[in-house]
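Residue numbers (my numbering): 1246 to 1419.
We put the beta carbon where it would ideally sit given N, CA and C, even for glycine.
None of the values given here were measured: they were computed from a predicted structure.
Structure follows, in structure tokens:
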């Protein structure tokens, strides 16, 4: 059996869907195998959900999910085998998907929790220290920038004396 997975993406404010026919790791046709298939395809899932999410271990039935107040969840809808594969990636399914969601009921949900991506502590501390101190004249980057500014000023002054367009001269110099 095939399924249509839907998820409301906060980043775009729209519903996104994934046909399990496009999920290589899902071949059993059993809804309870969907969480494992999603975890087996992290790149595909990240492109679909537009972010990094931790996928739960089990499918929760629609009745249980309604009682527990499922938060970020991937809804699972059954699809007939005769139905054409529903597009992925850049395919826009907005209007069709809205109608599909109104006309069909999910058979279950898979919890998806937003994963926080934190930079390495040492790298972040080093960056904060660097940002906290302003550029000093002793910095190589600062000296290079100042020398380029002086160079450009000299070119402009020379071009003004000759009556040429200073911007054109700088373009030729670069």
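Residue i to residue j span [Cα, whole Å]
i	j	result
residue 1403	residue 1374	41 Å
residue 1286	residue 1268	8 Å
residue 1472	residue 1293	What the structure shows of the chain is the stretch from 1246 to 1419, and residue 1472 is not part of that stretch, so it cannot be assessed.
residue 1384	residue 1378	11 Å
residue 1261	residue 1353	17 Å
residue 1255	residue 1272	30 Å
residue 1348	residue 1369	49 Å
residue 1246	residue 1338	21 Å
Residue i, DSSP secondary structure in three states
i	result
residue 1352	coil
residue 1323	strand
residue 1317	coil
residue 1300	strand
residue 1265	helix
residue 1357	strand
residue 1273	coil
residue 1247	strand
Own chain residues within Cβ distance below 6 Å of residue i, not counting five before or after
i	result
residue 1277	1304
residue 1342	1260, 1262
For residue i, the first and last residue of its enclosing alpha helix (DSSP H)
i	result
residue 1257	Here residue 1257 belongs to no alpha helix (DSSP H), and DSSP marks it neither H nor E.
residue 1392	1385-1407
residue 1288	1287-1294
Per DSSP, the bridge partner or partners of residue i
i	result
residue 1278	Answer is none; residue 1278 lacks a bridge partner.
residue 1306	1353
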